[in-house]
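K.L.:
Dropping the structure in here first, questions after.
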Amino acid sequence: MLEFIFLIVIVVAGTGGELCVSRAMKVIGEVQDFRPAALVHFVFRAMRVGWMWIGISMMTMAFFSLLAMLSIENVSFVVPVTALSYAAGTVGAMLFLHERISKQRWLGVFIVCVGVTLVWLSRR
Amino acid sequence: MKDSPGLHLKTYIFIFFMVLFAPLGNVLLSKGMKGVGSAKNWAPGEIFHVLSSIMTSGYIWLGIGCLLTFFVAYMLVLTWADYSYVQPASSFSYAVVAMLGYFLLGETVPPLRWMGIFVICGGVFIVGHTHPRTTEKV
């Protein structure tokens, strides 16, 4: 049961955090200069975007849940089951963004869920 | 994403970093957390003890370093590539983490788990190959 709660936090907070970071990166625009000073400047620019901080907060929650789950289960089990985030992202887009999801995408999400189920069943 | 050979090469290099450093980071975190152990009753004092053990674990810090490298590569690639392109391309990390768990940590990975991992990779691949415009607003 405890593993399941940690998994839910990893999936929901992790997916939400990634979407927020993705949005922040789109605000900044394409990076073309990879010199160290330019990368430091890029990090400081990223830190001034609000979406970045929301994303980091959510990803921090997901990170500590991941640590807790790794203390209980094997890494070859924990990381694959977090693929459930694909389903969470799709359901979230449908419910909260009112997007219509294509049949092909539902098929992909369904296959991911089958894979996660197989990995879950392989648990000791 | 603009279509040019240089941009594709740059994208492949950064996705390679993502697929390498994320699983390596997770494996190091796993090694560290197995050393720290889990909280038994989740009392505040015990959680504080676990947190202080986490902060003094070398494996945890190495793992965080790898995940930060992954995160920087991920942030950079998202500045020019679509999330819907990067996400499925990085799905190989599920297979890599199982291989690293098997070879570096000596974990037992049963055939059912391998099958599940490859099914997940297949599903993520299908999700990533849906055109962004097929997810239209109602």
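Chains as they are written, first to last, in our numbering: chain A, 2 to 125; chain B, -9 to 128. Every residue gets a Cβ at the ideal spot worked out from N, C-alpha and C, and that includes glycine.
Who are the neighbours of A:GLN32 on chain B, taking C-beta pairs under 7 Å?
P.N.:
The sequence shown places Val at residue 32 of chain A, not Gln. Ordered by position in chain B, the residues that pass the 7 Å Cβ test against A:VAL32 are LEU66, THR69.
K.L.:
For the alpha helix (DSSP H) that A:GLY15 lies in, which residues bound it at each end?
P.N.:
3 to 29
K.L.:
Quick one: which chain B residues come within Cβ less than 7 Å of A:PHE7?
P.N.:
Per Cβ cutoff of 7 Å: no residues; A:PHE7 is ~10 Å from chain B at best.
K.L.:
Measure how close the beta-carbons of B:GLY106 and A:GLY109 come, nearest whole angstrom, since I'm counting them as under 8 Å.
P.N.:
For a cut-off of 8 Å, the C-beta gap from B:GLY106 to A:GLY109 is around 15 Å, too long to register as a contact.
K.L.:
Going straight from the alpha carbon of A:ASP1 to that of B:SER20, what length do you get?
P.N.:
Examination of residue 1 of chain A is not possible in this model, given that chain A is present from 2 through 125 alone.
K.L.:
For B:GLU36, which three-state DSSP category applies?
P.N.:
Secondary structure of B:GLU36 (DSSP, three-state): helix.
K.L.:
How many Å lie between A:MET53 and B:ILE116 at the Cα?
P.N.:
28 Å
K.L.:
Examine the Cβ distances between the segment 73 to 88 of chain B and the segment 75 to 84 of chain A and report whether three or more of them are shorter than 8 Å.
P.N.:
Contact between the segment 73 to 88 of chain B and the segment 75 to 84 of chain A is present, because at least three Cβ pairs lie under 8 Å.
K.L.:
Can you give the Cα-Cα distance for B:VAL9 and B:PHE60, rounded to whole angstroms?
P.N.:
8 Å
K.L.:
Taking beta-carbon pairs under 8 Å, can you tell me which members of the segment 87 to 116 of chain A lie near chain B?
P.N.:
Here the close residues are TYR87, THR91, ALA94, LEU98, HIS99, GLU100, ARG101, ILE102, SER103, GLN105, ARG106, LEU108, GLY109, VAL110, PHE111, ILE112, VAL113, CYS114, VAL115, GLY116.
K.L.:
Could you check which residue in A:ALA69, A:SER23, A:ALA89 has the C-alpha nearest to that of B:LYS30?
P.N.:
A:ALA69
K.L.:
According to the neighbour-count rule (16 or more other Cβ atoms, all chains shown, within 10 Å of its Cβ), is A:THR83 buried or exposed?
P.N.:
buried
K.L.:
Just to confirm the assignment: which complete alpha helix (DSSP H) runs, minimum length 4, are found wholly within the segment 20 to 98 of chain B?
P.N.:
The qualifying runs are 34 to 45, 48 to 68, 73 to 79, 82 to 94.
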